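In the working numbering, the protein residues as written are 69 to 594. Ideal Cβ placement from N, Cα and C applies to all residues, glycine included. From a predicted model like this one, the values you see are computed outputs, not experimental measurements. What follows is a short report on a single structure.
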């Protein structure tokens, strides 16, 4: 049944989405390129500071995603930044590695010293920046731009000129600046909506003029929520390179999100500009490095982007995976999740039980669904462990524990955080110690050591919620562990976050070690 609708899923077909056809045609066969500025503009987000190692890791992840341009930083910032840029430039990436440079010769020379392939030369475009920030005039800006482009080109650099605050600039002057940059040998000129000020209509009008002079880029911010819309307006107008940051991280409301641009262009218009299956891993790398958690509802990479709880939606998704999804999660390195909650239905609960090898009768299923909804209505996140416990109770099955936490000791103080655990594994007691970056990390390492070969698991997610206030607050820790093709989520609560973490992890490991539970009942039809 689902197969008959497949032809309608691609929005770039002639009839599926009439609005897409003029857009795709307007590209005239041009490729669209991505320039990632996470390591420069993204790092300017308040509270974000990337180490050299983190910049290298992100640059490698960008290269795996086939992003063709990587702005590695701003060479004028300081010696530490220049070292990081040089390290990225020396990685041998397929990408063109660039450095931000202000409109002064010294910045271009500092970029050259880093061994980059190119510079993103930023010059003032609006009178607010020309007069108020730089304290000069329009003629001087044009003259300086020409001199710097020629200097950079003479030294073999790829050169992109960015007209800062272009969305608030006099359009005639911006047009003049772009023409001068191209005439001087710049590889491209970039329209900059520096403060997310421009409307899509204004963006399209301005970029269409700039594109008459040569290759044109677009750099947009999301202050008015127009970032993605203005990217498409720019592309319609003739731009062919998009500045973006992973996860949209950046100053104020952030930049346009690279992963969203890549997926939208591929899905809606058949324009491929990145390895989509690397995007989720890339997003996770950046989220960890910037210590900026991904919003659950974030497009493409958010926890809920491919999650379904509603009974109607879950039932439809199980019948046809495309029923409530615009594209398969595997496209971007994700997996679909069926979430149990107060909106859960019979089909979703049965599917979740099937994943753990638990077969139930229709009557048992109805009772499990009722109790799952009851848990959720009390405000509880329903984990895999909750579901299995309910099923065990409904079926009168006693759970046989193979791994139990007997004792836990953890210290941090002024030294290296250490922890020791005593586990009961089958009929054997095991004791081990571990160290880590904190008491939780140390305790997890101790558990791994105690389990030895049985510790071949991956920590997929770790989530902490405070469920009471004050100094005696109780926290709930939810972990998701996987081993092979199996995964399980478990939550535990305690006033001690380390103990809650270890209890949850040990419970999850116990369930992963157990064979899939199969009740002695025949499978029931829906």
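Those residues which DSSP pairs with residue i across a bridge
i           : result
residue 556 : 549
residue 477 : 488
residue 603 : Examination of residue 603 is not possible in this model, given that the chain is present from 69 through 594 alone.
residue 43  : Outside the modelled stretch of the chain, which goes from 69 to 594, sits residue 43, for which no answer is possible.
Residue i - DSSP class collapsed to helix/strand/coil
i           : result
residue 13  : Residue numbering for the chain in the displayed model covers 69 to 594; residue 13 lies beyond these limits and cannot be assessed.
residue 364 : coil
residue 190 : strand
residue 119 : coil
residue 470 : coil
residue 595 : Because residue 595 is not part of the residues shown, which for the chain are 69 to 594, the question remains open.
residue 157 : helix
residue 349 : helix
residue 358 : helix
residue 285 : strand
residue 415 : helix
residue 280 : helix
residue 337 : helix
residue 89  : Because residue 89 carries a pLDDT of 43, less than 50, the predicted location of this residue cannot be relied on, and no value is offered for it.
residue 403 : coil
residue 533 : strand
residue 444 : helix
6 Å CB neighbourhood of residue i in its chain, flanking five on each side removed
i           : result
residue 154 : 182, 183
residue 667 : Only positions 69 to 594 of the chain appear in the structure, and residue 667 is not among them; the question remains open.
residue 236 : 194, 265
residue 253 : 217, 221
residue 130 : 104, 138
residue 508 : 566, 569
residue 169 : 175, 176, 179, 187, 189
residue 241 : 206
residue 368 : 327, 328, 331, 400
residue 499 : 490
residue 533 : 544
CB-CB length for residue i against residue j, believed under 8 Å
i           : j           : result
residue 370 : residue 361 : With a Cβ gap of about 10 Å, residue 370 and residue 361 do not count as contacting.
residue 486 : residue 503 : 5 Å
residue 579 : residue 453 : 7 Å
residue 514 : residue 543 : Actually they do not touch by this definition, with Cβ atoms about 20 Å apart.
residue 190 : residue 179 : Residue 190 to residue 179, Cβ: 12 Å. No contact.
residue 445 : residue 410 : 5 Å
residue 281 : residue 250 : 5 Å
residue 314 : residue 326 : 5 Å
residue 272 : residue 301 : 4 Å
residue 230 : residue 287 : 6 Å
residue 559 : residue 402 : In fact, because the Cβ distance is near 23 Å, the residues do not count as touching under 8 Å.
Contacts around residue i, its chain only, beta-carbon distance under 7 Å, and the 5 residues preceding and following it disregarded
i           : result
residue 582 : 470
residue 306 : 275, 276, 279, 284
residue 219 : 173, 176
residue 344 : 330, 331, 334, 399, 400
residue 506 : 480, 485
residue 204 : 198
residue 554 : 580
Outcome for residue i when other beta-carbon atoms lying within 10 angstroms are tallied against a minimum of 16
i           : result
residue 289 : buried
residue 484 : exposed
residue 319 : buried
residue 575 : buried
residue 109 : buried
residue 524 : exposed
residue 256 : buried
residue 167 : buried
residue 239 : exposed
residue 451 : buried
residue 233 : buried
Beta-carbon contacts of residue i that lie in its chain and below 8 Å, excluding the five residues immediately before and after
i           : result
residue 149 : 141, 142, 143
residue 210 : 244, 245, 248
residue 201 : 192
residue 118 : 107, 111, 126, 152, 357, 358
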